[in-house]
Amino acid sequence: MNKNDFIRKVNRLPWADRACSFEAVDCWGLIVLYFRHVTGIEIHQTPDYEAGRDFITCYDGDRVFWVPGNRSEGCIAVFYRGEHPDHVGVVIDGNRCLHSRGRGEGVRIDPLPVLERAFTKTEFLKYGDI
1 MNKNDFIRKV
11 NRLPWADRAC
21 SFEAVDCWGL
31 IVLYFRHVTG
41 IEIHQTPDYE
51 AGRDFITCYD
61 GDRVFWVPGN
71 RSEGCIAVFY
81 RGEHPDHVGV
91 VIDGNRCLHS
101 RGRGEGVRID
111 PLPVLERAFT
121 KTEFLKYGDI
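The UniProt record's numbering puts the first residue of the sequence shown at 1, with every later residue one more than the last.
Here's what the structure looks like:
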């Protein structure tokens, strides 16, 4: 599936905690689907995600599989509140992010500068497949 077909399929899907399907998806589930269907990569996931652990625990367990990236298509944007990662999305071009925002909002595309203003810090990563 190419990027544009994927975006059409997931845009406006509802958010659901720990969901990773074409019916509903949370922010990390959207990353998993993007890599699976657009790049053909099955990214590593720790058991914490399926076990319903909090986002920070899941992120900390999976962070070792990602390397520093930049604001380019296919990298992920990790948004922080204070010192803690709080949300993720996939960069779909140099200035927009596809993400699943949370309860009541779901999947949408926002300009990266808008998201960066809503959070205290943004980090860009690419999958390292180690």
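Ideal placement from N, C-alpha and C gives every residue a C-beta, glycine not left out.
Asked                                                                                                                                              : Found
Distance, Cα to Cα, Ile-41 vs Phe-35?                                                                                                              : 5 Å
Buried or exposed: Ser-100, going by 16 or more other Cβ atoms within 10 Å of its Cβ?                                                              : buried
Would the beta-carbon of Phe-124 fall within 7 Å of that of Phe-79?                                                                                : no
Spatial neighbours of Glu-105 within its chain, please: C-beta separation below 8 Å, excluding the five flanking residues on both sides.           : Trp-15
With DSSP run on the structure shown, which of helix, strand or coil describes Thr-122?                                                            : strand
Report back the beta-carbon spacing between Lys-3 and Trp-66 to the nearest angstrom; my notes put them in contact at under 8 Å.                   : The Cβ separation is near 19 Å, so there is no contact.
How is Asp-60 classed by DSSP in three states: helix, strand or coil?                                                                              : helix
For Arg-96, count the other beta carbons within 10 Å of its own beta carbon; 16 or more makes it buried, fewer makes it exposed. Which is it?      : buried
Given that a residue counts as buried once 16 or more other Cβ atoms are within 10 Å of its Cβ, and exposed if not, what is Phe-6?                 : buried
Assuming Cys-27 and Val-88 form a contact by the criterion Cβ under 8 Å, report the distance between their Cβ atoms to the nearest whole angstrom. : 5 Å
Should Val-90 be labelled buried (16 or more other beta-carbon atoms within 10 Å of its own) or exposed?                                           : buried
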